[in-house]
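Colleague:
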Amino acid sequence: MPASPDVSRRLFLKSSSAIASFSLLRVGAPALIAITQAACTAKQESAPFVTLGAAEAADFAAIAARIMPTTDTPGANEAGVIYFIDRALGAEMSSALEYLRAGLAQLNADTSRFADDDEDTQDQRLSKIEDGDFFNTMWMLTMFGFFSMSKHGGNKNNVAWDLIDFEGDHGAWEHPFGHYDAQYAKEKSNGE
Amino acid sequence: MANNVTFDQRTPVDFAIIGSGSAGGIIAKELSTAGFNVVLFEQGPYRKAADFTHDEYSVLIQSELLGGGPEVSGQTFRHDESEVAKSPSFQPIRYAQTVGGSSVHFSANFWRLRPIDFKERSLLGPISGTNFADWPITYEELEPYYTKVEWEVGISGAPGPFDAPRSKPFPMPPLPIKSCGVLFEKGAKALGLHSQDQPHAILSQPFNGRAGCMKCGYCMYYGCEAGAKSSTLASMIPLAEASGHCEIRAESAVFRIETDSKGRASEVLYYDRDGNEQAQKVKAVIVSANGAESARLMLLSASERHPDGLANSSGFVGRNLMFNAHASANAVFEHQLNEYKGVQASRVLHDFYETDEKRGFYGGGGIDARSLWSATPIFHAWLGMPPDVPRWGKAFKDAFANNFTRQMTLACATTSLAMDRNNITLDPKNTDQWGRPAIRATYRDHDDDLSMAKFLQDRAMEILDAAGAQKAWADPIHPTNGGEHLLGTCRMGDDPASSVVDRYHRSHDVANLFICDGSSMVTSGRGQPTMTIMALAFRAAEHIKAAANAGEI
């Protein structure tokens with residue numbers, strides 16, 4: 002493989018048309034490293050956003066926080082997903098910036114700013130648009146920011162990886178890897 | 360030590376090889392170590408092991424090794440000729456653009472074909488609406504080269520109950536069983552089925568001066584930073600370079616093969632890393648650019664003498680594209696499997712390899728147990744969540760936190776039938792970043808391919824149930840929108856009217872032009888083609904060497 006039984010179909014359905022022009026490869030890998038290093042350096046707690054204004058950043062952050070909410074465990078807020086979004090929209094995903102701004106303007110039209118609502122109201126507002134491209138794009142950015150390496154701006158202190166018990170980018174592993182192969186090894190050695 | 364030889368562009372080099380992947384890397388090594396001068400062209404960059412990362416966002420999402428997405432490649436896809444092909448959001452024809460080609464980023468599951476794969480048409484009879492045919496060679500003819508792949512490229516494994524005959528044992532033992540393999544084996548056994556070790560082009564122990572697998576978990580779509588994955592980058596290309604007879608010309612995108620007044624290939628035209636046109640004079644050309652790129656290059660090289668494309672008097676260039684059909688079934692178990700560690704798959708079963716007329720359709724395939732979308736989290740978010748879990752909010756988060764380490768997938772891979780309607784052509788509008796007309800794929804799986812995928816998926820669901828899954832679900836099966844296995848588009852055959860190359864990969868039309876890669880395959884096999892591509896490459900190289908030494912090129 003890679004199997005991807007219908008990876009492409011599902012990716013296509015779940016991704017927005019705006020995503021079609023995202024690629025870092027025009028920038029190239031060395032440039033990526035430079036960009037992400039710059040972003041990391043800039044990412045002080047109080048640092049202003051690089052790409053987004055404060056109000057729109059608050060709205061995007063609030064959307065991400067409903068997609069991956071803070072519960073008894075960390076969510077998008079604690080992972081700093083908005084810092085990933087801010088960086089990516091100024092770099093490899095810059096072609097989505099205006100699209101997302103327009104989508105946000107539509108979401109906020111004739112009503113309160115999204116970030117100012119309570120969580121239940123926010124959830125209701127998102128439910129109405131969850132099948133649309135704007136939501137899908139925000140969903141993807143949230144996943145990217147939450148789960149990708151922290152050098153891309155989010156997943157601060159690997160909180161996302163800790164949440165799912167994923168020791169990513171660890172390097173070498175010894176087997177057994179999990180419960181069932183450990184048990185299997187034990188049974189084999191007992192049987193001998 | 361690498362000997363960084365360079366060859367003059369105006370002096371005809373013995374061989375230009377186009378594509379440095381599974382076939383090109385092997386042929387370059389074989390010819391250069393035999394003393395022939397070789398320029399090995401690769402459109403992607405020359406990444407080394409140390410350049411490979413575990414960065415899911417860059418590799419998987421930004422398609423780093425694929426050379427970017429469709430906005431860079433211009434690739435288009437459609438299911439039927441009646442449609443206008445569109446550029447989707449995700450690359451439809453997926454192959455790595457890097458020295459070593461897709462052998463760098465593949466999962467390295469390594470199956471031989473079996474004797475029936477080469478003569479199924481004779482055994483089963485014709486299938487209407489298809490170009491179902493026997494190969495011009497047999498398993499027995501290819502067997503020594505399968506063995507050569509195992510011992511020179513480096514394959515780990517152990518024999519299974521239904522294996523084809525082999526002349527030599529595997530050079531090293533299989534990789535250790537993972538939890539998904541244990542559960543699969545349990546379920547299979549309960550149903551009277553036979554799971555076996557999955558053979559891998561990944562070293563289970565140090566071999567030929569290379570390090571063994573460190574089980575980091577980043578195989579599928581990633582390059583191996585330990586050099587334990589037996590890509591041609593890790594196994595063959597260092598030997599080619601050390602010969603002092605092979606120049607790796609990376610970031611060089613070939614756009615045309617010129618022929619001279621005698622109709623022989625005389626020059627390879629390409630864009631260098633700055634986009635400037637360059638030309639290399641050649642004595643002979645070997646095209647190993649993959650089943651999409653090789654066909655495109657033949658079509659791009661049309662001339663007065665070859666109006667429908669080079670080596671295309673049969674009209675078979677680009678036709679008979681085969682992806683292998685796929686299906687998958689997923690399950691969550693009570694305890695942690697931690698499928699993000701280790702290689703993708705450790706167990707496979709081949710009980711359904713052969714066509715069984717009782718099923719009512721052609722085809723066969725294998726089922727393996729693997730991490731698939733539980734190897735890395737973004738992939739899991741995208742494709743791995745159960746269908747009854749909300750896509751966002753607390754329920755999504757809770758399910759994700761529980762399932763990521765407790766989930767596995769049974770991957771089903773099957774035959775694809777060769778048909779005219781499935782093909783590679785030039786897109787009439789789009790171009791790639793170098794300005795070459797883009798690859799357009801037209802593809803709709805044969806009904807039998809989808810039926811076989813469904814049949815295997817049903818068995819996979821039974822296995823997961825018998826293994827004690829807490830919850831299992833089958834991913835929907837639809838006609839595919841693309842693939843990584845790029846097979847059949849310059850098929851080999853004895854009859855120049857219905858094939859592009861002969862049984863030794865020499866094109867029927869141009870005596871000093873050879874094509875060897877997935878495009879050579881006459882049938883698709885059951886789903887893991889790279890082992891066969893590599894064996895064909897060793898065999899082709901041997902015959903090309905002999906022909907060159909005899910002055911017959």
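For the protein sequence lines, the chains are A and B, in the order given.
Here the working numbering runs 1 ahead of the position in the first sequence, where the first position is 1.
Here the working numbering runs 359 ahead of the position in the second sequence, where the first position is 1.
We put the CB at the ideal spot given by N, CA and C, even for glycine.
If you reduce the DSSP assignment to three classes, tell me which class residue 892 of chain B lands in.
Modeller: Looking at residue 892 of chain B - three-state DSSP - the assignment turns out to be helix.
Colleague: Can you check the region 415–483 of chain B for any alpha helix (DSSP H) of at least 4 residues that lies completely inside it and give the ranges in chain order?
Modeller: With a minimum length of 4 residues, the continuous alpha helix (DSSP H) runs that stay inside the region 415–483 of chain B are 429–432 and 474–483.
Colleague: State the beta-bridge partners of residue 929 of chain B as determined by DSSP.
Modeller: Beyond the ends of chain B as shown, which are 360 and 912, falls residue 929 of chain B; an answer cannot be given.
Colleague: Could you check if residue 591 of chain B is buried or exposed, using at least 16 other CB atoms within 10 Å of its CB as the buried criterion?
Modeller: Under this definition residue 591 of chain B is a buried residue.
Colleague: Mind listing the chain B neighbours of residue 90 of chain A? Cutoff is C-beta to C-beta under 9 Å, in chain order.
Modeller: Near residue 90 of chain A there are no residues of chain B at all, since even the closest Cβ is about 14 Å away, more than 9 Å.
Colleague: Determine whether the beta carbon atoms of residue 455 of chain B and residue 461 of chain B lie at a separation below 8 Å.
Modeller: Their beta carbons are under 8 Å apart, which means residue 455 of chain B touches residue 461 of chain B by this criterion.
Colleague: Name the residue from A:68, A:118, A:84 and A:104 whose alpha carbon lies nearest to the alpha carbon of residue 140 of chain A.
Modeller: Measuring from the Cα of residue 140 of chain A, the nearest candidate turns out to be A:68.
Colleague: Drop a sphere of 10 angstroms on the beta-carbon of residue 911 of chain B, count the other beta-carbons inside from all chains shown, and report buried for 16 or more, exposed for fewer.
Modeller: Classification for residue 911 of chain B: exposed.
Colleague: Please list the segments of the beta strand (DSSP E) lying wholly inside the region 565–618 of chain B, counting only runs of 3 or more residues, in order along the chain.
Modeller: 605–608 and 612–618, all fully within the region 565–618 of chain B.
Colleague: Distance cutoff 8 Å, beta carbons only. Does residue 81 of chain A sit that close to anything in chain B?
Modeller: No - not a single Cβ of chain B is within 8 Å of the one on residue 81 of chain A.
Colleague: Can you list, in chain order, the residues of its chain whose CB lies under 6 Å from that of residue 373 of chain B, leaving out five sequence neighbours each side?
Modeller: Counting only Cβ-Cβ distances below 6 Å, and skipping sequence neighbours, we find 395, 396 and 642.
Colleague: Going by beta carbon distance, what residues of the same chain come within less than 7 Å of residue 900 of chain B, once the five residues before and after it are set aside?
Modeller: Within the same chain, residue 900 of chain B has close Cβ partners 385, 386, 389 and 390.
Colleague: Keeping to the same chain, check which residues put their C-beta closer than 8 Å to that of residue 162 of chain A; ignore five residues upstream and five downstream.
Modeller: Contacts found: 148, 156, 168 and 169.
Colleague: Count Cβ pairs between the region 171–178 of chain A and the region 534–552 of chain B that sit closer than 8 Å; are there 3 or more?
Modeller: Yes, they touch.
Colleague: By DSSP, does residue 392 of chain B sit in helix, in strand, or in coil?
Modeller: Helix, per DSSP.
Colleague: State the start and end residues of the unbroken beta strand (DSSP E) segment that holds residue 636 of chain B.
Modeller: Element bounds for residue 636 of chain B: 636–640.
Colleague: Pull the bridge partners of residue 865 of chain B from the DSSP assignment, please.
Modeller: DSSP output for residue 865 of chain B lists B:873 as bridge partner(s).
Colleague: Give me the Cβ distance between residue 693 of chain B and residue 734 of chain B, rounded to the nearest whole Å; I'm assuming they're in contact under 8 Å.
Modeller: About 20 Å separates the two Cβ atoms, so there is no contact after all.
Colleague: Give the DSSP bridge partners of residue 796 of chain B, in chain order.
Modeller: In the DSSP output, where bridge partners are listed per residue, residue 796 of chain B has B:790.
Colleague: Could you tell me which residues DSSP puts in a beta bridge with residue 851 of chain B?
Modeller: The partner list for residue 851 of chain B (beta bridge, DSSP) reads B:860.
Colleague: Taking Cβ to Cβ, would you say residue 469 of chain B is nearer than 8 Å to residue 493 of chain B?
Modeller: In this structure, residue 493 of chain B does not lie closer than 8 Å to residue 469 of chain B by Cβ.
Colleague: Whole angstroms are fine: how far does the CA of residue 64 of chain A sit from the CA of residue 827 of chain B?
Modeller: Straight-line Cα distance between these residues: approximately 38 Å.
Colleague: Along the region 688–712 of chain B, what residues have a CB closer than 9 Å to any CB found in chain A?
Modeller: Of all residues in the region 688–712 of chain B, 692, 693, 694, 695, 696, 697, 698, 699, 700, 701, 703, 704 and 705 have a Cβ within less than 9 Å of some Cβ in chain A.
Colleague: Residue 645 of chain B lies in the beta strand (DSSP E); which residues open and close that run?
Modeller: Looking at the DSSP string, the run of the beta strand (DSSP E) that includes residue 645 of chain B is 644–646.
Colleague: Considering only residues of the same chain and omitting the five flanking positions on each side of residue 439 of chain B, which have a CB-CB separation below 8 Å?
Modeller: Excluding residues within five positions, the ones whose Cβ falls inside 8 Å are 780, 801 and 803.
Colleague: Taking a cut of 7 Å between CB atoms, which residues from the region 479–512 of chain B lie near chain A?
Modeller: Cβ contacts with chain A come from no residue of the region 479–512 of chain B.
Colleague: On the three-pair Cβ rule with 8 Å, is the region 411–426 of chain B touching the region 573–582 of chain B?
Modeller: They touch, by the three-pair rule.
Colleague: If we ignore side chains and look at the alpha-carbon of each, how far apart do residue 508 of chain B and residue 408 of chain B end up?
Modeller: Roughly 21 Å between the two C-alpha positions.
Colleague: Residues in its own chain within less than 6 Å of residue 683 of chain B by CB, not counting five upstream and five downstream?
Modeller: Hits under 6 Å: 772, 775, 844, 883 and 886.
Colleague: Along chain B, in chain order, which residues have C-beta atoms closer than 9 Å to that of residue 72 of chain A?
Modeller: Result: 753, 756 and 757.
Colleague: Rounded to a whole number of angstroms, what is the C-alpha to C-alpha distance between residue 136 of chain A and residue 752 of chain B?
Modeller: Residue 136 of chain A and residue 752 of chain B: Cα-Cα distance of roughly 13 Å.
Colleague: Give the single residue among B:560, B:553, B:551 and B:423 whose Cα lies nearest to the Cα of residue 894 of chain B.
Modeller: Of the listed residues, the one whose Cα sits closest to residue 894 of chain B is B:560.
Colleague: Rounded to whole angstroms, what's the CA-CA distance from residue 680 of chain B to residue 879 of chain B? Just pull it up for me.
Modeller: So the two alpha carbons sit approximately 11 Å from each other.
Colleague: Going by DSSP, what residue range makes up the beta strand (DSSP E) through residue 400 of chain B?
Modeller: It spans 397–400 - the beta strand (DSSP E) in which residue 400 of chain B sits, taken as one unbroken run.
Colleague: Using a C-beta cutoff of 8 Å, does residue 822 of chain B count as contacting chain A?
Modeller: Cβ-Cβ to chain A under 8 Å: no for residue 822 of chain B.
Colleague: Can you list the residues of chain B that residue 130 of chain A reaches, using a CB-CB cut of under 9 Å?
Modeller: In chain order: nothing, as chain B lies at least about 12 Å away.
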